[in-house]
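What follows is a single structure, written as structure tokens, with notes after it.
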Amino acid sequence: MKHFITIDFETFYDSGYGLRKYTTEHYIRDPQFQVIGFAIKVDDSSTKWYSGTHEELQEVLNTYNIHKCGLVAHNMQFDGTILAWIFNIIPEVYIDTLSMARAIHGTNAGGSLAALSKLYQLGEKGTEVLDAKGKRLEDFLPHELHGYGGYCKNDVELTAKLFIILQKNFPAIEFKLIDLTLRMFIQPLLSVDDGLLITRLDEVKTEKKALLGTLMNKLKCDTEEEVRKKLASNKQFAELLEDFGIEVPLKISPTTDKETYALAKNDLGFIELCEHEDGFIQELCAVRLGTKSTMEESRIERFIDIGSRNKGMLPIPLKYYGAHTGRWAGSDKVNFQNLPSRDVKKKALKNAILPPDDYVILNVDSSQIEARILVWLAGQEDVVEQFRKGEDVYSNFASKVYNKKIDKRNKVERFVGKTCILGLGYGTGWKKLQHTLETQPPSAKLSDMECQNLVKVYRDLNHEVIDLWKESDRALEDIAVWGNKEPYYLGKHKVLRVSKEGIQLPNSLYLRYPELEKDVSGARSEFVYKSRRGKVGIWGGSVVENVVQALARIVIGEQMIKINAKYRPVLTVHDAVVCVAPRTESQEALDFIMKEMSIPPEWGKDLPITCEGGFADNYGNC
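The following block contains the structure:
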């Protein structure tokens, strides 16, 4: 690349309009939006500040040939989007120092420019931006604009210095993934069917109103508001249950260690209430859920709003390195990682996501990739061989549990096998297993003894996996008190390198556990590390889960880059890659993507991976 350009925009904001209250998309598309000015730096040349009308700034930007350069910014989702949406300029590649810092230092480290400048001793970040609150371009006096420009130029200088430091050992493929992730948002290809969503929104509101009306009669309330108050309050809802002779479910609070109501939607006690033999109690719970949780309603409204501001287009906001393990995460209050897919009605959200005209959406999922990586990493060769032969590993395990032949027709028994394979490999206990089996469809209610036996059978059959837990426990011991130890490898393959920095992955980035130490609180965890949310417990099994997820994410990332050579990825959800392709190339594109997603990585050439997928006219049907 010939040149790198570092840029930073300063824009209008006030107490009621800013990025603290608005999403990036909403902020930039809002009629109040105005660029005050920008600072720009080409390579190591002096940084310049420009301020003026839109036309004046457009003219200046056009002189820089940004489309032939690598564009650098701290929080590129903001600056890159302004450049594209407001000034219609797209660089050759997007480079985000905020994303780079998250990958290098971990998601728990402070990613602000101020914090990173302090960490690397780059200089002080200014505070002049505080003086700009509520001022539009025409409100600034010349000396005020000059001071604002100095602040902006300093931010660019700090960002450019930060980039020089971070890029030295940053993996080339991760640069590509940052760019690809940003283009999902800045250059969206997906659109939204607002007609379908409006219809579903009306249905949601009608269903909710009908339930509330029914309860007004049954609970002898004069208004819907009275019903809502009774159902939204844990105390009043509990009293209501008691009035109907229903025992209120209880639990021990993990924060207070005291007994409290188990009335959250994911609490086992509440889930059992939702399945109560009395239809009225079921109805009561359904209305409580509908009253307290407006997720579907708010999501639909948000999708409609986004489409209306973007001529029907749907920018996909994904946070690169959004999780501790490097996985992507939802951002901008729109999480495409967990859109409903089982419920036919709620699936309207996915059905409303459309490809461009004359295109199809392709959704290809890496089949059981975490389960495959786990046994491969541990050296559990008997299970690895089952995967290589294309056997149904879930049914195989269930067959051993039930002492009979189990296949996909035995839905509940296979579900038990699947849950064990996916969960017990990380040290899950029988109580959590029991809860998962009961609360996830198709649901299996097993006794305490049966669940204890499942754990025993799994551990008896998977000694190498158990050994990997123990290895990981020792790694935690070493990382916590490294001393003069030499780095060493974790697992049966030399892909995970343990050092005082943490666990180094095949892409050279680290899984980090800051301020790792022995847990002296008496809790279950043997170790704790510092996160932005406080101390987090960690043990051998959870380390194994971390590294498996991290390796799966690396596999998916490498696949996305290869796929992008022909077909543009528009979304990634866990272990799936979503692309668009011309309708005339539907099968060709599917074959190409599935081929690429069936090739193991260079660092794991004997890792047995495969995939499944399809294409359709909307996201929900592929």
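Counting in our numbering, the sequence shown runs from 725 upward without gaps. Think of the CB as a built atom: it goes at the ideal place given N, C-alpha and C, for glycine as much as any other residue. Because the structure is a prediction, the values reported are computed rather than measured.
Tyr1150 sits in a helix when the DSSP states are folded into three classes. Pairing Val1297 with Phe1060 gives a Cβ-Cβ distance under 8 Å. Nearest Cα to Asp1089 within the set Arg1183, Gln1283, Gln756: Gln1283. Secondary structure at Leu1086: strand, using DSSP grouped into helix, strand and coil.
If the five residues before and after Glu1188 are omitted, its C-beta is found closer than 6 Å to the C-beta atoms of Ala1102, Gly1103, Gln1104, all from its own chain and listed in chain order. The region 1222-1241 and the region 1263-1277 touch, with three or more beta-carbon pairs separated by less than 8 Å. The straight-line gap separating the alpha-carbon atoms of Lys849 and Phe887 is approximately 16 Å. As summarised for the region 804-831, the continuous beta strand (DSSP E) elements at least 3 residues long and confined to that stretch are 817-820, given in chain order. Ranked by Cα distance from Phe1139, the options Ala1168, Leu1233, Gly1153, Phe1111 are led by Ala1168. With distances taken between CA atoms, Lys933 lies nearest to Ala1010 out of Arg1023, Ala1010, Lys1035. Between the C-alpha atoms of Gly1207 and Glu1239 there is a straight-line separation of about 15 Å. The region 1037-1053 makes no contact with the region 756-775; the number of CB pairs closer than 8 Å stays below 3.
Ser1266 is bridged by DSSP to nothing; it lacks a bridge partner. Counting C-beta pairs closer than 8 Å gives fewer than three between the region 964-971 and the region 1023-1042, which falls short of the contact rule. With contacts defined by Cβ atoms closer than 8 Å, Leu1078 and Leu925 do not form a contacting pair. Boundaries for Cys945: no alpha helix (DSSP H) harbours it, and the DSSP string shows neither H nor E there. Nearest neighbour of Leu1098 by Cα position, chosen from Gly1328, Cys793, Tyr1291, Leu837, turns out to be Gly1328. In the structure shown, Glu1326 falls within a helical segment according to DSSP collapsed to helix, strand and coil. For the pair Gly1054 and Ile1085, the Cα-to-Cα distance works out to about 20 Å. When DSSP assignments are scanned along the region 914-997, the uninterrupted stretches of beta strand (DSSP E) that are 3 or more residues long and fall wholly within it turn out to be 974-976, 983-985.
Within the same chain, Cβ atoms closer than 7 Å to the Cβ of Pro815 are found at Ile790, His791, Cys793, Gly794, Leu795, the five residues on either side in sequence being excluded. Taking the Cα of Ile1190 as reference, the smallest distance to any Cα among His778, His1159, Ala1122, Gly1264 is reached at Gly1264. DSSP places Ser1255 within a strand segment (E or B) once states are collapsed to three. DSSP, reduced to helix, strand and coil, places Tyr1343 within a helical segment of the structure shown.
In its chain, beyond the 5 residues on either side, Glu1020, Lys1070, Lys1071, Leu1073, Lys1074 have a beta carbon closer than 8 Å to the beta carbon of Pro1064. A Cβ-Cβ distance of about 15 Å is found for the pair Ser1266 and Asn832, leaving them out of contact under the 8 Å criterion. Contact between the region 888-904 and the region 769-780 is absent, with fewer than three C-beta pairs closer than 8 Å.
Secondary structure at Trp1052: coil, using DSSP grouped into helix, strand and coil. Of the residues assessed, Lys877 falls on the buried side of the cut-off, its CB having 16 or more other CB atoms within 10 angstroms. DSSP, read as helix, strand or coil, puts Phe1316 in helix. About 48 Å separates the beta carbon of Arg860 from that of Gln960, a gap too long to meet the 8 Å contact definition.
Each of Asp991, Val1279, Glu1312, Val1271 was checked against the Cα of Lys1290, and the nearest Cα belongs to Glu1312. Cβ contact annotation for Tyr1212 (same chain, cutoff 7 Å, sequence separation greater than five): Val1222, in chain order.
With 16 or more neighbouring CB atoms inside 10 Å of its own CB, Asn1087 falls in the buried class.
In this structure Lys1132 is exposed. Its beta-carbon is surrounded by fewer than 16 other beta-carbon atoms within 10 angstroms. Within the region 1180-1222, the runs of alpha helix (DSSP H) at least 4 residues long that lie entirely inside it are, in chain order, 1187-1204.
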